[in-house]
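What follows is one structure encoded as C-alpha cells, with my remarks underneath.
See below:
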C-alpha cells in the first residue's frame, strides 16, 4: 500500500534531501554573488591594487636580477621573488585581483543597473496624502481657487523651472508627480562601467596574453647568447601576438625586424611585420648642454607588400604602422671604436701603452703584475651633462684640501668621492666624452670604471675624474688626478712611479736633507743624515712598504705616538713628506731628461693635490688607468615598439568615467509631489520635496520652490 500525503504526493525522504541540497547550493551561490558584487569586496580589491601600486612605485620594476640581489641580499631576494614583486603589474596575483575587480563591478552593474533604469523611468505616483505629510520638506496651502485652475498653474510653473511631471487622478484628489535630474543615476552606471572597461583595456595591454602563450603554447624566455635570427621558435612570439611592449636598439646604418621583450629569466623575441632601418640619429642640445631633441630618421619596409617609406621618429611623435607604434625611447652607443692610453697604477714604471676597443666588445689586457685581465667595454658617451656645483665644490670631491689631522681623523672612510648629484644648487655643464668599462680578472671577478676624457674644473683646479664601483647597484666614486701644465696626467704618473722606486726615494731624501740643511751649518753632516733618514722613512711609509699606504699608513704610524704629541708629529711628518716629494718629482723629471721646475704656487698646489690623489689611488682597485685619447662614434637609437589594442578601450573607459563623475556630482535628483484636494471652500494644496543628498543647496532650493508655489497659489496664476 502506497504511503501518500493528503495531497496525493509521495512522502519521499530522498527527494526531500535532494531538494534541501539544491536549495543549499542556490543559497550558497546567492551569498557568493552577493559578496563578490558588494561594495566592501570592491573596496578591498581597490585597496590591494593601491598597495601593489605603491610597491611597484617604490621598488624599481623589471631591473636585472643581479641588481635586486645586490640591493636586498640572497634571502630577501628569494622572498620578494616568490611574490613577483620585481614585476608587480604582470604578476599572476595582480592580474587575478584585476579580474576579480572586473567580475565584482560587472555583477554590481548587472544587479543594480536595471533597478536604477527602472527608478529613473518611475514617477513614484503611488504615494498617498498621509505619506506626503510625513516628509520633512513639505508645505501646505489653502486657496479659494478651483482645483483645475491650480492644476494648470502648478504644471505650467513646474515646466518652466525644468521639472517633468505626470498628473494622476486619485479619489477626490489630483496628484502631480514631478522629477528633475533623474539622469543622476546614469553617473553611477557610467562610473562602474568605466572601471570595467578600463580594467579590461589594461589587461589587454598587460602581459596576460604573453603569459597565456607561455602557459599553453610552450613559449619560454631565452637566457643565452646568440644571433637573433638563429633563436628557436619556442623563444619567439608570432605576428599574431595581440599585445606586446618591447625595445629594439638599432645602430646607424643597421636595421631590425624584431623587438626584445624582457622577462625575469631571459627575453622573448617579438617578430615585427616590417623592418626598420636607421639612416641617421640626430640629437640637439640646449645651451647648457642638456639634450632637447632625439630624432631617428628611419626607412620602413613592409614584409607583406615590400613597400618602403621614410619617417622621422621623435619623442612624443611616434611612427604608427599596421597597429604597431614605434616610440623614440632613448639612445645608446652602437659600437663606437675607442683609442686609449693605459698608465700603470703600480710599480716603478710610468710608461703608457696604447689600448683599442669597441663598445660592446672585449679587449685582453695582460702583463699587469703577472695577472691577465679582460676589458669589457660597456659604454661610451660623447657628451656628459653634469652638476658640478655644491657650494663651489664638486659633488665627487674628496676633501683633500683639509689639514692632515682633519683628514685622517674624519675622512679616512671616504677615499673616493661620491657620484651623487645635488638637486638644490645646479650648475649643469657638458664636460665632454667619457668611457665606461669593466675590468675582469682571471677568476671572473669584475670591477667597473667610468673615466672622463677631459679634465674638469673642480674646486678651482683641473682634475681628471676616474670613477670606480664594485657593483652596478653602487654609485661611482671618483679618484681625482690633477692635470699638469700640459693638461695631461703625465706628471702625476711620473711622480706616482717615482714614489714606487726605492732607489729614487733614497736619492730624493738625500737631496731634500741637503737642501733643507745647508752644509755651512754646525753639525750639518750629522743633521743631514738624520733628516735624510727621516725623509726616507716618511716616503717609505707613504709608498706602502708595509701592508698599508698613503694617509692610512701615516695615521697608523702616528697612532704609535702619545696622543698629546700626535698633532705636532703630524705637522712635522707632512712637512718632511711634502719637501721630499718635491725633490722626488724633480729627480724623476731629470731621470726622464726633463728640466727642473720652479717652486711656484701653481706647482706647489699641483704637488699637494697629487699627494692626496696618490693616497686615494691605493683604493682605486685597478692595475691601470685608461685615458680616452680618441674615438670614432657610432650612434644607436633605442626604440620602444608596442601593440596596444586596449589603448582605445581605456580611452573609452576614461570618457565614461568623466561622464559618470560629472553626472554624480553635478546632476542632483529631486522629486516633487503636489496633492490637490477640494475642501468645500476651495482647494487644499500639499507639496513635498525629496532628494538623495540633503545639502545646504537643497534647503535653499526647497525654500525658493515653497515661495514660488505660494505665490502661484496666492495669485491664482503662474
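Residue numbers (our numbering): 2 to 719.
Backbone N, C-alpha and C define an ideal beta-carbon position, used for all residues, glycine too.
Taking 7 Å as the limit between beta carbons, can you name the residues of its chain near residue i, skipping five residues before and five after?
i           : result
residue 36  : 42
residue 281 : 253, 298
residue 654 : 195, 198, 199, 202
residue 57  : 89, 90
residue 708 : none
residue 544 : 500, 501, 506, 550
residue 532 : 514, 517, 518
residue 167 : 124, 126, 178
Once you ignore the five residues that flank residue i on each side, which residues in its own chain have a CB closer than 6 Å to its CB?
i           : result
residue 71  : 472, 474
residue 675 : 155, 177, 688
residue 181 : 163, 164, 671
residue 136 : 689
residue 292 : 284, 286
residue 338 : 359, 633
residue 311 : 300
residue 387 : 432
Would you grab the beta carbon distance between residue i and residue j for me? Rounded to a whole angstrom, and I think it's under 8 Å.
i           : j           : result
residue 443 : residue 372 : 7 Å
residue 332 : residue 589 : In fact, because the Cβ distance is near 44 Å, the residues do not count as touching under 8 Å.
residue 574 : residue 616 : So it is not a contact: roughly 13 Å between Cβ atoms.
residue 261 : residue 270 : 7 Å
residue 223 : residue 268 : 6 Å
residue 509 : residue 540 : 7 Å
residue 467 : residue 482 : 6 Å
residue 144 : residue 684 : 5 Å
Kindly identify the DSSP beta-bridge partner or partners of residue i.
i           : result
residue 181 : 671
residue 1   : Since the displayed the chain opens at 2 and closes at 719, residue 1 lies outside it and no answer follows.
residue 684 : 144, 679
residue 333 : 637
residue 1   : Outside the displayed range of the chain (2 to 719) lies residue 1, so it cannot be described from this structure.
residue 249 : 640
residue 363 : 377
residue 285 : 294
residue 223 : 268
residue 358 : 339
residue 584 : According to DSSP, which records beta bridges pairwise, residue 584 is partnered with nothing at all.
residue 174 : 171, 678
residue 310 : 301
Would you tell me roughly how many angstroms separate the C-alpha atoms of residue i and residue j, rounded to the nearest one?
i           : j           : result
residue 762 : residue 103 : No answer is possible for residue 762: the residues shown for the chain start at 2 and end at 719.
residue 1   : residue 221 : Since the displayed the chain opens at 2 and closes at 719, residue 1 lies outside it and no answer follows.
residue 530 : residue 596 : 27 Å
residue 542 : residue 506 : 11 Å
residue 666 : residue 433 : 56 Å
residue 701 : residue 690 : 12 Å
residue 514 : residue 569 : 20 Å
residue 577 : residue 445 : 43 Å
residue 33  : residue 84  : 27 Å
residue 179 : residue 694 : 17 Å
residue 649 : residue 170 : 51 Å
residue 330 : residue 273 : 18 Å
residue 38  : residue 148 : 49 Å
residue 157 : residue 113 : 34 Å
residue 464 : residue 452 : 11 Å
residue 263 : residue 647 : 21 Å
residue 447 : residue 441 : 4 Å
residue 216 : residue 209 : 10 Å
residue 65  : residue 381 : 21 Å
residue 622 : residue 350 : 18 Å
residue 460 : residue 495 : 24 Å
residue 625 : residue 435 : 17 Å
residue 431 : residue 249 : 28 Å
residue 584 : residue 610 : 16 Å
Leaving aside the five residues before and after residue i along the sequence, list all residues of the same chain whose C-beta is less than 8 Å from its C-beta, in chain order.
i           : result
residue 485 : 491, 492, 493, 607
residue 661 : 187, 188, 189, 190, 191, 192, 193, 194, 195
residue 365 : 373, 374, 375, 376
residue 50  : 95, 98, 99, 102
residue 240 : 272, 273, 274
residue 87  : 60, 62, 63, 64, 66, 69, 81, 265
Between residue i and the ligand GDP, is there a pair consisting of the residue's CB and a ligand heavy atom that are separated by less than 7 Å?
i           : result
residue 212 : What this structure holds is no ligand at all, so the ligand GDP is not there to describe.
key: Entirely enclosed beta strand (DSSP E) segments - the segment 112-172, minimum 3 residues   = 139-144, 165-171
inquiry  = Going residue by residue through the segment 593-671, where are the continuous beta strand (DSSP E) segments of at least 3 residues, counting only ones entirely within it?
reply    = 625-633, 636-644
ask   = Quick one: complete beta strand (DSSP E) runs, 3+ long, within the segment 447-531?
value = Listed in chain order, the complete beta strand (DSSP E) runs (minimum 3 residues) inside the segment 447-531 are 447-453, 457-459, 462-470, 478-483.
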